[in-house]
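A short write-up of the structure that comes next.
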Amino acid sequence: MSLRRITVLVSAAGAPGTAALLRGLRENGERDVRLVGTDMSERSVGRHLCDAFHLVPAGSDPDFANAVLDVVQREGADVVLPQSSFDLEGLAAHRGRFPVPVLVSGPDTIHRSNDKAETYALLHRIGVPAPGFRRVNGAAQVAAAARELGYPERPVCFKPVFSSGSRGFRVLDPTVDRAHQLLHERPGSVAMRLEEAVELLPEEGGPDLLVMELATGGERTIDGIADGRRVVLGHPKTREAMRAGLAMYFVTLDDPALMEIADRIVAELGIEWFFNIQLVGEHVIEVNPRISTIVYQEDFDLPYLGVKRALGEISDDELAALRGRIRPGRTALRYFDQLEWD
Ligand SMILES: Nc1ncnc2c1ncn2[C@@H]1O[C@H](COP(=O)(O)OP(=O)(O)O)[C@@H](O)[C@H]1O
Ligand SMILES: [Mg+2]
């Protein structure tokens, strides 16, 4: 352990990937890392797994960035690694005021990625396959858009223009067996008939919704670090075994065509630092300009490499040279764990 000890602030330290991320940062094989967690909830695992923990307002609160900046100063953090989509906009707007690197893209990039209608329009423009869509508001417009996109001959889906963790996502499918769902499935089935959705949706005052063609096929993501123009380092992986909106099983892939798609999206959106581009079948359905689930290898620790990049300890050429280390077929299985205290 010859390198100096550093302090990393991890936001949203109750997010699902937190325990693995903290372990990845600690078990870097070359230095001590002090971990500082922040979250809006006291009941965050980061409070127990980090060396220090601070409650902060929600990411959407205007005071969020100031609160994180205050923690950076009090704890002497060397870098800020945001985990949640909800934390990005506030941090992006204020990243220039931080005395240390904040691993977030600029405000325009964040805004255009978080707004799925903007993202889809951009994907269509650059020729990346993405679902057909309509941006609408209110029950009547949802119904009209669903019919335009092929309902009831074809199932369609909708979600709020900005959300995260599958919140608000529903499939509209006229053939769905609602009685079977009710009696035999876990709560959380996403399929319903258009008439049911229309009955529940407000006619006005609700969020803008994106009504989309339903993409089909296996889910995959491309994850990596970008420099605003291209992917510096990253790889695709599958995204499988969904539970409550979260994938629990991932297999690393070797797929140069997907990396090429990622490069085009990164260039168009100007993504910096961590990103996660999500596909269903051949369609890109979401761009997350933040870290997501990582498949760790003992010789390839993407979050830690991002931190080293932020500290100026590794160049982009050196990072690019690590591509050969990524092992296709490497598999991650997530599971529930717990801890106790008095
Ligand atoms: N157009 C679509 N076709 C098929 N599935 C979709 C589509 N849009 C979203 N989904 C499904 O819903 C999940 C959540 O949607 P996503 O756009 O990733 O939003 P978020 O992760 O922000 O909640 C995706 O992982 C995918 O399973
Ligand atoms: Mg998603």
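For the sequence shown, my numbering gives the first residue as 1005, with consecutive numbering after it. Glycine included, each C-beta is placed from N, C-alpha and C at the ideal position.
Own chain, CB closer than 8 angstroms to residue i, minus 5 neighbours either side, in chain order
i: Val1049; result: Ala1017, Gly1018, Thr1022, Ala1023, Leu1343
i: Gln1301; result: Arg1329, Ile1330, Arg1331, Arg1334
i: Leu1323; result: Ile1229, Val1236, Leu1237, Leu1309, Arg1313
i: Arg1009; result: Arg1035, Asp1036, Val1037, Arg1038
i: Ser1064; result: Phe1090, Glu1093, Gly1094
i: Met1263; result: Ile1226, Val1235, Gly1238, His1239, Pro1240
i: Arg1350; result: The structure shown does not extend to residue 1350, since the chain is modelled only from 1005 through 1346, so no value can be given for it.
Contacts around residue i, its chain only, beta-carbon distance under 7 angstroms, and the 5 residues preceding and following it disregarded
i: Ala1096; result: Val1108, Ser1109, Gly1110, Pro1111, Ile1114
i: Val1180; result: Ala1195, Met1196, Arg1197
i: Lys1241; result: Arg1224, Thr1225, Asp1227, Phe1254, Val1255, Thr1256, Leu1257, Val1299
i: Ala1147; result: Leu1198, Val1202
i: Val1160; result: Ala1150, Leu1153, Gly1154, Leu1176, Val1215, Met1216, Glu1217, Leu1218
i: Glu1272; result: Leu1126, Ile1130
i: Ile1281; result: Thr1225, Ile1226, Ala1266, Ile1269, Val1288, Val1291
i: Arg1099; result: Val1106, Val1108
i: Ala1248; result: Gly1192
i: Glu1122; result: Arg1116
i: Thr1011; result: Arg1038, Val1040, Glu1079, Gly1080, Ala1081, Asp1082
Extent of the continuous alpha helix (DSSP H) run through residue i
i: Phe1090; result: 1089-1098
i: Leu1262; result: 1260-1273
i: Thr1123; result: 1120-1129
i: Pro1307; result: 1306-1314
i: Val1146; result: 1143-1152
Chain-order list of residues whose beta-carbon lies under 6 angstroms from that of residue i (same chain, five-residue window excluded)
i: Leu1250; result: Pro1020
i: Asn1118; result: Phe1166
i: Pro1211; result: Pro1164
i: Gly1274; result: Thr1113, Gly1232
i: Ala1149; result: Arg1138, Val1140, Val1215
i: Ala1143; result: Val1202, Leu1205, Glu1207
i: Gly1285; result: Ala1219, Thr1220, Gly1221
i: His1052; result: Leu1343
i: Lys1120; result: Val1165, Leu1214
i: Ser1015; result: Thr1042, Pro1086, Gln1087, Asp1091
i: Ala1336; result: Phe1254, Val1299
Terminal residues of the beta strand (DSSP E) in which residue i lies
i: Leu1237; result: 1235-1243
i: Val1072; result: That residue, Val1072, is in no beta strand (DSSP E); its alpha helix (DSSP H) goes 1068-1079.
i: Ala1336; result: 1335-1337
i: Leu1198; result: First-last for Leu1198: 1198-1204, but that is the alpha helix (DSSP H), not the beta strand (DSSP E).
i: Leu1323; result: First-last for Leu1323: 1320-1324, but that is the alpha helix (DSSP H), not the beta strand (DSSP E).
i: Tyr1253; result: 1253-1255
i: Leu1085; result: 1083-1085
i: Ile1330; result: That residue, Ile1330, is in no beta strand (DSSP E); it is neither H nor E in DSSP.
i: Arg1138; result: 1137-1140
i: Trp1277; result: 1276-1284
i: Ile1289; result: 1287-1292
i: Arg1224; result: 1223-1231
8 angstroms contact criterion, which residue i and residue j should meet: CB distance rounded
i: Asn1292; j: Ser1089; result: 6 angstroms
i: Val1072; j: Val1288; result: Not a contact, Cβ separation roughly 30 angstroms.
i: Ile1295; j: Phe1278; result: 4 angstroms
i: Asp1267; j: Arg1234; result: 5 angstroms
i: Glu1217; j: Leu1153; result: 6 angstroms
i: Arg1030; j: Val1037; result: 5 angstroms
i: Val1075; j: Thr1042; result: 6 angstroms
i: Pro1066; j: Met1044; result: That belief does not hold up - the Cβ atoms of Pro1066 and Met1044 are roughly 14 angstroms apart, past 8 angstroms.
i: Leu1013; j: Ala1081; result: 4 angstroms
i: Leu1213; j: Phe1162; result: 5 angstroms
i: Gly1094; j: Ala1069; result: 5 angstroms
i: Asn1032; j: Asp1305; result: 6 angstroms
i: Pro1307; j: Leu1025; result: 6 angstroms
i: Ala1261; j: Met1252; result: Ala1261 to Met1252, Cβ: 26 angstroms. No contact.
Minimum Cβ-Cβ distance from residue i to chain C less than 8 angstroms
i: Phe1137; result: In the structure shown, chain C cannot be found, because there is only a single protein chain.
* For the region 1012-1057, list the alpha helix (DSSP H) runs that are entirely contained and at least 4 residues long, ordered along the chain. => 1022-1030, 1050-1053
* Residues with C-beta closer than 6 angstroms to any heavy atom of ligand 2, in chain order -> Gln1282, Glu1290
* **Start-end ranges of the beta strand (DSSP E) lying completely within the region 1160-1219, minimum 3 residues** => For the region 1160-1219, whole beta strand (DSSP E) runs of length 3 or above, ordered along the chain, are 1160-1164, 1174-1176, 1213-1217.
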